[in-house]
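Peer 1:
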Amino acid sequence: MGDAELDEGNIWEAIADQATQGLGNVTWVVDFNRQSLDRVVPGVKVHQWQVQFLAAGWQVIEVKYGRKLQAKFKEEHGEDLRAWIDAMPNEQYQSLFALKGEELRQRFLEGAPEGAKAAVAGVSDEDLAPLVKDLGGHDLASMLEAYRQADATTDRPTVIFAYTVKGWGLPSAGNPRNHSALMSTEQVNEMRARTQLTMATEWDRIPEDTAAGRWCNARAQHLERPRPDGHLSIAVPERVETRSPSKPISTQEGFGRIVTSLSRDEAVAKYLVTTAPDVATSTNLAGFINRAGVYSPDEIRDWNEDDPMLKWSQHPQGQHIELGISEMNLFLLLGQLGLSWDLSNQPLLPIGTVYDPFVCRGLDAFIYGTYSGSRFIIAGTPAGVTLAPEGGAHQSTITASIGMELPGVTFIEPGYLGALDWLLCDSLQRIASGETDSSAYFRLSTRPLDQAPFEAARTRLGEKVLRRQVLAGGYRLHDAFAARPDLRESNAPVVHLAASGAVIPEALAAAAELADEGVAAHVVDVTSLDRLYAAWRSGLAAGVRSASVPAYPLILREIFPEKAPVVTIHDAASHAMAWIGSALGVPAVPLGVDKFGQSGSVSELYELFDLTSGSIVNAALAALALE
17 MGDAELDEGN
27 IWEAIADQAT
37 QGLGNVTWVV
47 DFNRQSLDRV
57 VPGVKVHQWQ
67 VQFLAAGWQV
77 IEVKYGRKLQ
87 AKFKEEHGED
97 LRAWIDAMPN
107 EQYQSLFALK
117 GEELRQRFLE
127 GAPEGAKAAV
137 AGVSDEDLAP
147 LVKDLGGHDL
157 ASMLEAYRQA
167 DATTDRPTVI
177 FAYTVKGWGL
187 PSAGNPRNHS
197 ALMSTEQVNE
207 MRARTQLTMA
217 TEWDRIPEDT
227 AAGRWCNARA
237 QHLERPRPDG
247 HLSIAVPERV
257 ETRSPSKPIS
267 TQEGFGRIVT
277 SLSRDEAVAK
287 YLVTTAPDVA
297 TSTNLAGFIN
307 RAGVYSPDEI
317 RDWNEDDPML
327 KWSQHPQGQH
337 IELGISEMNL
347 FLLLGQLGLS
357 WDLSNQPLLP
367 IGTVYDPFVC
377 RGLDAFIYGT
387 YSGSRFIIAG
397 TPAGVTLAPE
407 GGAHQSTITA
417 SIGMELPGVT
427 FIEPGYLGAL
437 DWLLCDSLQR
447 IASGETDSSA
457 YFRLSTRPLD
467 QAPFEAARTR
477 LGEKVLRRQV
487 LAGGYRLHDA
497 FAARPDLRES
507 NAPVVHLAAS
517 GAVIPEALAA
527 AAELADEGVA
537 AHVVDVTSLD
547 RLYAAWRSGL
557 AAGVRSASVP
567 AYPLILREIF
577 PEKAPVVTIH
587 DAASHAMAWI
597 GSALGVPAVP
607 LGVDKFGQSG
617 SVSELYELFD
627 LTSGSIVNAA
637 LAALALE
């Protein structure tokens, strides 16, 4: 990595985490050229960084000088020369790279003590430049020795600070503005001559009949490995909860139950790995931890072994990785666990949990992981202002938009345990099957919901149809005409209430109120805005590319069969669902959370953000008025 990258805070979050302890097969090489993109860096912080690595339990190796300077330091006045170079400001040292001969000598010795001057008095002008610029990062023997030292240390990670010159071997070496500098044609031709290459040969392989060619071929064969299979020949069950709970249950609690149940499936369990940034128990992973244990390089005694609720058993076979409070580390780890198929041919089914507002805190690593093709599941919970008492800092509003817009990730927000069960098992099966873009982001809640409406929909639609629609992104939870045939007979005005997640009870209550007012309000439970939008967008894109009439997706025809106004209800930014009106070609009134949250009760916050049944009724009447 570049030394300027050590200015980034997420580097130090990773280094400081206890989970990195004991990683003896990890070696970082810092390309320490002391230049950033814009300038020569003043006040080099190498000693500060080295101390921080040491404090975190890392081995620190410094490769500062090459063999020429090391030999010179052993001669008379050599220590004076070393002290002078060590004390020289970085800006002054970097300025030497463009100089030669007497000009270089004068700049190098400007302000130097007599001992340093004496050390190079016998060095010719021709030999001075290679000596002064002899840094360890460009000395192969010095670097190999550092690698051997790193390999010999197996109980902790290693960082090697390799001092280098940015642009080494090029005319722009050490120039503060060389980051975007391009070589001229003359400079390129000079380099070809120096390296004995021509335009015809510069991309050739090293001749195989030479010692170098034979060595390269041998190393290539040694490093070659078969392409990873990329999929597991296992069948994740379609669902693991065989009965609907008789009491209300939240999706967060249901998530924990499902993951724990999956740990009892022998085919699936051995591939499961969970992780959390110090929120495992508060996001309902305790059941899985009790069964699978916590990963540790060594077995560690649990001094609270009598705790009846949680067995924090730490050992090398543990399948939960506990992190400190760093969401960046969470997504860095999930990204790598999700790439273990490709990097080490080790299939895994990674699952992480995080407080939903702090998805934003780890977004950089989240994006990078999915961009790299990583496959994992993240549960953001609890989400929205439904986490009412904790105030705006812990109430997520924009995360639904992040989930929908992030490529390679499917955003999912179910309200009921049965739907969550199907969706989570299906997501794991997609990862196991090696599907690309199979990461999933579940946005969950701690609000317990009565499961009876979902079971009524199961009875009305049938198990097969309901599951297909749930996985496709939504289903009709409440059919106003089935519940109140008189509304059909009276040709009542129709409106759709499309709700997602924790606010579904308010939509159902509003539908009942509207029925009493003579309005047929169908309630659609949107389980995945992402999949609904993708289905609509796919048809539009196909029409654009083929210059034909866009196809209308089956799932939207099924769950919105009547052409009627729609109200969208979401404990998130209102625009996340606002597109549904455009997709249906009808008036729409989006309800959601478009300001920072407050501390209060659920009912108080729903009142504040127009998420109550009364507000939904008014929105439905407004939508009907827009027809």
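With positions in the sequence shown counted from 1, the corresponding number in the working numbering is that position plus 16. Heads up, the beta-carbon is just placed ideally off N, CA and C, and yes, glycines get one too. Model, not experiment: these values are computed from the prediction.
1) Under the three-state reduction of DSSP, which class applies to Thr426: helix, strand or coil?
2) Comparing the C-beta of Ala236 with each C-beta of chain D, is any distance below 8 Å?
3) Measure the CB-CB distance between Leu439 and Pro469 and report whether it falls below 8 Å.
4) Measure the alpha-carbon distance for Ala473 versus Leu482 and round it to whole angstroms.
5) For the candidate residues Pro430, Val425, Gln485 and Met420, whose alpha-carbon lies nearest to that of Thr397?
6) Taking the CB atoms as reference points, tell me whether Tyr457 and Leu477 lie closer together than 8 Å.
7) Does Phe458 come out as helix, strand or coil in the three-state DSSP assignment?
8) What are the boundary residues of the beta strand (DSSP E) that Asp102 is part of?
9) Just to check my reading of the structure: Ala132 and Leu125 have Cβ atoms closer than 8 Å, yes? What is that Cβ distance to the nearest angstrom?
10) How is the beta strand (DSSP E) around Arg377 delimited, first residue to last?
11) Going by C-alpha distance, which of His331, Leu359 and Ser590 is nearest Pro242?
12) Using a Cβ-Cβ cutoff of less than 6 Å, which residues in the same chain neighbour Phe382 once the five nearest sequence positions on both sides are dropped?
13) Name the DSSP bridge partner or partners of Gln75?
14) What does a CB cutoff of less than 7 Å around Asp155 pick up in its chain, not counting 5 residues either side in sequence?
15) Over what stretch of residues does the alpha helix (DSSP H) that includes Arg561 continue unbroken?
16) Taking the beta strand (DSSP E) that Phe48 falls in, what are its first and last residues?
17) Which first and last residues belong to the beta strand (DSSP E) in which Val289 is found?
18) Are at least three pairs of beta-carbons, each pair with one atom in the region 58-78 and one in the region 138-150, less than 8 Å apart?
19) In terms of residues, what are the limits of the alpha helix (DSSP H) holding Ser516?
20) Going by CA-CA distance only, name the one from Ala448, Val401, Asp380 and Leu600 that's closest to Trp357.
21) In the DSSP output, what is Ala537 paired with across the bridge?
22) Assign Ala448 to one of three DSSP states: helix, strand, or coil.
23) Got a sec? Which residues, its chain only, sit under 6 Å from Gln485 by beta carbon, not counting five neighbours each side?
24) Roughly how many angstroms separate the alpha carbons of Glu338 and Trp74, rounded to a whole number?
25) In the DSSP assignment, what are the bridge partners of Glu338?
26) Keeping to the same chain, check which residues put their C-beta closer than 6 Å to that of His247; ignore five residues upstream and five downstream.
27) Along the beta strand (DSSP E) that carries Tyr491, what are the first and last residues, could you check?
28) Count the other CB atoms within 10 Å of the CB of Ser629; is the residue buried (16 or more) or exposed (fewer)?
29) Report yes or no: do three or more beta-carbon pairs, one from the region 407-418 and one from the region 369-376, lie closer than 8 Å?
30) What runs of the alpha helix (DSSP H), each 4 residues or longer, lie entirely inside the region 204-286?
31) Of the choices Ile316, Ala526, Met215 and Glu505, whose alpha-carbon is the least far from that of Ala515?
32) Whole angstroms are fine: how far does the CA of Leu524 sit from the CA of Val401?
33) Can you check which of these residues, Phe69, Gln37, Val535 and Trp100, is closest to Val45 by C-alpha distance?
34) Tell me whether Pro469 sits in a helix, a strand or coil according to DSSP, three-state version.
35) At the level of alpha carbons, what is the spacing between Thr258 and Gly489?
36) With a CB to CB cut of under 7 Å and the five nearest residues on each side skipped, what residues in its chain are close to Leu353?
Peer 2: Let's see:
1) Counting from one through the sequence shown, the residue named residue 426 turns up at place 410. In this structure, Thr426 counts as strand in the three-state DSSP scheme.
2) Checking the listed chains, one finds no chain D in this structure; it contains a single protein chain.
3) If you number the sequence shown from 1, residue 439 lands on position 423. If you number the sequence shown from 1, residue 469 lands on position 453. Contact flag unset, no.
4) Numbered from 1 along the sequence shown, position 457 holds the residue referred to as residue 473. Numbered from 1 along the sequence shown, position 466 holds the residue referred to as residue 482. Ala473 and Leu482: Cα-Cα distance of roughly 8 Å.
5) Taking the sequence shown and counting its residues from 1, one reaches residue 397 at position 381. Relative to Thr397, the option among Pro430, Val425, Gln485 and Met420 whose CA is nearest is Pro430.
6) Your numbering for residue 457 matches position 441 in the sequence shown. Your numbering for residue 477 matches position 461 in the sequence shown. Not closer than 8 Å, so no.
7) Start at 1 with the first residue of the sequence shown, and residue 458 comes out as number 442. It is a strand residue.
8) As a working note, residue 102 is residue 86 in the sequence shown. Annotation for Asp102: no beta strand (DSSP E) segment contains it, though the alpha helix (DSSP H) segment containing it runs Gly94 to Ala103.
9) For the purposes of this step, residue 132 is taken as the residue at position 116 of the sequence shown. For the purposes of this step, residue 125 is taken as the residue at position 109 of the sequence shown. Ala132 to Leu125, Cβ: 7 Å. Contact.
10) Taking the sequence shown and counting its residues from 1, the one referred to as residue 377 is at position 361. Careful: Arg377 lies outside any beta strand (DSSP E) and carries neither H nor E.
11) Along the sequence shown, read from residue 1 onward, the residue named residue 242 stands at position 226. Residue Leu359 is the option with its Cα nearest to Pro242.
12) For the purposes of this step, residue 382 is taken as the residue at position 366 of the sequence shown. Hits under 6 Å: Phe347.
13) Counting from 1 along the sequence shown, the entry for residue 75 is found at position 59. Its beta-bridge partners are Thr174.
14) For this step, residue 155 is matched to residue 139 along the sequence shown. Excluding sequence neighbours, Asp155 sits near Gly82 and Arg83.
15) By one-based count along the sequence shown, residue 561 stands at place 545. It spans Leu545 to Ser562 - the alpha helix (DSSP H) in which Arg561 sits, taken as one unbroken run.
16) By 1-based counting over the sequence shown, the position of residue 48 is 32. Per DSSP, Phe48 belongs to the beta strand (DSSP E) from Thr43 to Phe48.
17) Position 273 of the sequence shown, counted from the start, is the residue given in the question as residue 289. Counting along the chain, the beta strand (DSSP E) containing Val289 begins and ends at Leu288 to Pro293.
18) no
19) Your numbering for residue 516 matches position 500 in the sequence shown. First-last for Ser516: Val510 to Ser516, but that is the beta strand (DSSP E), not the alpha helix (DSSP H).
20) As a first step, residue 357 is located in the sequence shown; it is residue number 341 there, counting from the start. Of the listed residues, the one whose Cα sits closest to Trp357 is Ala448.
21) Here residue 537 is taken as the residue at index 521 of the sequence shown, counted from 1. Note: Ala537 sits in a beta bridge opposite Val511.
22) For the purposes of this step, residue 448 is taken as residue 432 along the sequence shown, with counting starting at 1. Note: Ala448 maps to helix in three-state DSSP.
23) Stepping through the sequence shown from its first residue, residue 485 is reached at position 469. Once the five neighbours on either side are set aside, the close Cβ partners of Gln485 are Tyr491.
24) Start at 1 with the first residue of the sequence shown, and residue 338 comes out as number 322. Start at 1 with the first residue of the sequence shown, and residue 74 comes out as number 58. Their backbone Cα atoms lie some 20 Å apart in a straight line.
25) By 1-based counting over the sequence shown, the position of residue 338 is 322. Answer by DSSP bridge pairing, in chain order: Ala292.
26) What you label residue 247 is simply residue 231 of the sequence shown in a count that begins at 1. When the five nearest sequence neighbours on each side are left out, the beta carbons in the same chain lying within less than 6 Å of the beta carbon of His247 are those of Ser449 and Gly450, in order along the chain.
27) What you label residue 491 is simply residue 475 of the sequence shown in a count that begins at 1. Its beta strand (DSSP E) spans residues Gly490 to His494.
28) Position 613 of the sequence shown, counting from 1, holds the residue named residue 629. Ser629 comes out buried.
29) yes
30) 227-239, 267-278 and 282-285
31) Residue numbering aside, residue 515 sits at position 499 when the sequence shown is read from its first letter. The candidate whose alpha carbon is nearest that of Ala515 is Ala526.
32) Your numbering for residue 401 matches position 385 in the sequence shown. Your numbering for residue 524 matches position 508 in the sequence shown. One C-alpha to the other measures close to 19 Å.
33) Position 29 of the sequence shown holds residue 45. With distances taken between Cα atoms, Val45 lies closest to Phe69.
34) Here residue 469 is taken as the residue at index 453 of the sequence shown, counted from 1. Here Pro469 sits in helix by DSSP.
35) Along the sequence shown, one-based indexing puts residue 258 at 242. Along the sequence shown, one-based indexing puts residue 489 at 473. For Thr258 and Gly489, the distance between alpha carbons rounds to 22 Å.
36) On the sequence shown, position 337 is the one that residue 353 refers to. Within the same chain, Leu353 has close Cβ partners Val289, Leu364, Pro366 and Phe392.
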